[in-house]
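**Q** Please find one structure pasted underneath; my questions will follow.
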Amino acid sequence: MALIIPSNYHKISDVEKNHISWIKPELAKRQDIRPLRIGILNIMPLGKQYEFNLLHPLGLSPLQIEPVWIKLKTHSYKTWDINHLNNLYITWEEANNPEPLDGIIITGAPIEHLAFEEVKYWDEFVKIVDEARNSCASTLGLCWAGFALAYLAGVDKKVFDRKLFGVFPLKSLVPGHPLMGTQDDEFICPQSRFAGLPDLEMEKAQKEGKLNLLAYGENVGYTIFESNDQKQLMHLGHPEYTVHRIISEIERDKEKGDVPPPENFDPNSSKTAWRSHRNLLFQQWLWFCYQQVSLN
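Laid out in structure tokens, this is it:
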């Protein structure tokens, strides 16, 4: 199958270089195939440069995927190419008209130090999350979005004194789980965050039937978990990161001068050792969305 993207999309060369099939929207409309429409609420800094981090694992799916890029009406997008934002991104309401999205991915944002209600776009974010829970098969929240979904489930974050940055081991907690059952018993994943979720609070939420805990790391805590109804999957790490994205963060952090270098990652001899985790996570999540949509 293929990604459905415009022929003038700025990362076409990267799509082709990585052997990802793609077709124009006009051709997709002529094919007798119902693609999965996956919304991507991208609130990462320098969002245009980040997009391919998600397109790559989505493009490896055997399903036909139509990414729908979503913007917030209450976010300023200070580090973005505004022309790109206005040309490619649409509002949540536009993305769900005339038919609702099948699933939505919400990216991270480097705002862990702020209380959630202090985030300028918090009310709009909550509205989208609430509506997605009713209309989409699943919501995948990465990094800050994972924290935000946990907060809405009753678990607040704990801000760290220093950034958790690097590549860390995790253990899968639920063998045979529909989303995590294909993962190795142990795997690694990049982390880049200034907060975590207290173990005791997460375990309490599981006992109360609010969350299902799926992966844990000694140095990073409970990192992958889901809502009890499986409508929301949260990942506090960045499985979608590439080596280049981590290196760019290292350079950005050097300018600040107050961030330690990444753990378990050598920028002078770097390699991607978490690719299988990334690919399996996204493929199983897409397959889960497909199964839920097929039941309706």
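Mind the numbering: the sequence shown is residues 5 to 300 in this note's numbering, read in order. Glycine included, each C-beta is placed from N, C-alpha and C at the ideal position. This structure is a prediction, so every number in the text was calculated from the model and none was measured.
(1) For LEU110, which residues of its own chain have a beta-carbon under 6 Å away from its beta-carbon, when the five flanking residues on both sides are left out?
(2) Would you list the one or two residues that DSSP bridges to PRO173?
(3) Let me check one thing: in DSSP terms, what residues is MET184 bridge-paired to?
(4) Determine the contact status of CYS147 and GLY107, defining contact as a CB-CB distance below 7 Å.
(5) Exposed or buried, PHE164, counting other C-beta atoms within 10 Å across all chains shown (16 or more means buried)?
(6) If you draw a straight line from the alpha carbon of LYS275 to that of ILE24, how long is it in whole angstroms?
(7) When you compare the region 211-226 with the region 257-264, are there three or more beta-carbon pairs, one atom per stretch, that lie closer than 8 Å?
(8) Assuming GLY51 is part of the alpha helix (DSSP H), what are its boundary residues?
(9) Determine the direct distance from the alpha carbon of GLN296 to that of LYS33, and round the result to whole angstroms.
(10) Can you name, in chain order, every residue of its own chain whose Cβ lies under 7 Å from the Cβ of PRO29, other than the five neighbours on each side?
(11) With DSSP run on the structure shown, which of helix, strand or coil describes GLU212?
(12) Alpha carbon to alpha carbon, how far is GLU205 from VAL159?
(13) Rounded to whole angstroms, what's the CA-CA distance from ILE254 to MET238? Just pull it up for me.
(14) Is the distance from the Cβ of PRO243 to the Cβ of ARG282 below 7 Å?
(15) Apply the 10 Å Cβ neighbour rule to ASN57 and answer buried if 16 or more other Cβ atoms are within range, or exposed otherwise.
(16) Under the three-state reduction of DSSP, which class applies to PHE151: helix, strand or coil?
(17) Could you compute how far the alpha carbon of GLY170 sits from the alpha carbon of GLN195?
(18) Is the CB of TRP126 under 7 Å away from at least one CB in chain C?
(19) Below 7 Å between beta carbons: does that hold for PRO39 and GLU70?
(20) Under 7 Å, do LEU76 and TYR13 count as touching if we go by C-beta distance?
(21) Taking just the CA atoms, how far does ASN232 sit from ILE42?
(22) Whole angstroms are fine: how far does the CA of TYR245 sit from the CA of LYS82?
(23) Name, in chain order, the residues that DSSP records as bridge partners for HIS239.
(24) Provide the residue span of the beta strand (DSSP E) that contains ILE110, from first to last.
(25) When the Cα atoms are used, what is the spatial distance from TRP26 to PRO61?
(26) Where DSSP assigns a beta bridge to LYS162, which residues make up the other side?
**A** With the given structure in hand:
(1) In the sequence on display, residue 110 carries Ile and not Leu. Cβ-Cβ distances below 6 Å link ILE110 to LEU45, GLY145, ALA149 in the same chain, with the five nearest sequence neighbours on each side left out; the list follows chain order.
(2) BP columns for PRO173 point to ILE192.
(3) In the DSSP assignment, no residue is bridged to MET184.
(4) No, Cβ-Cβ distance for CYS147 and GLY107 is not below 7 Å.
(5) That one is exposed.
(6) The alpha-carbon atoms of LYS275 and ILE24 are separated by roughly 21 Å.
(7) By the C-beta criterion, the region 211-226 is judged not to be in contact with the region 257-264, since fewer than 3 inter-stretch pairs fall below 8 Å.
(8) That run of the alpha helix (DSSP H) goes 51-63.
(9) Going from the Cα of LYS33 to the Cα of GLN296 covers about 23 Å.
(10) So the list reads ILE8, PRO10, once near-sequence residues are dropped.
(11) In the structure shown, the three-state DSSP call for GLU212 is coil.
(12) Cα to Cα, GLU205 sits roughly 6 Å from VAL159.
(13) When rounded, the separation of the alpha-carbon atoms in ILE254 and MET238 is 25 Å.
(14) In this structure, PRO243 lies near ARG282, with their beta-carbon atoms less than 7 Å apart.
(15) Per the 10 Å Cβ criterion, buried.
(16) Note: PHE151 maps to helix in three-state DSSP.
(17) Taking C-alpha positions only, GLY170 is separated from GLN195 by approximately 6 Å.
(18) Chain labels in this structure do not include chain C; a single protein chain is all it has.
(19) Contact: yes.
(20) No.
(21) If you draw a straight line from the Cα of ILE42 to the Cα of ASN232, it is about 22 Å long.
(22) Rounded to the nearest angstrom, the two C-alpha atoms are 22 Å apart.
(23) Note: HIS239 sits in a beta bridge opposite LEU146, ILE228.
(24) Per DSSP, the unbroken beta strand (DSSP E) holding ILE110 starts and ends at 107-110.
(25) Rounded to the nearest angstrom, the gap between the Cα atoms of TRP26 and PRO61 is 13 Å.
(26) Beta-bridge annotation (DSSP): LYS162 is paired with GLY200.
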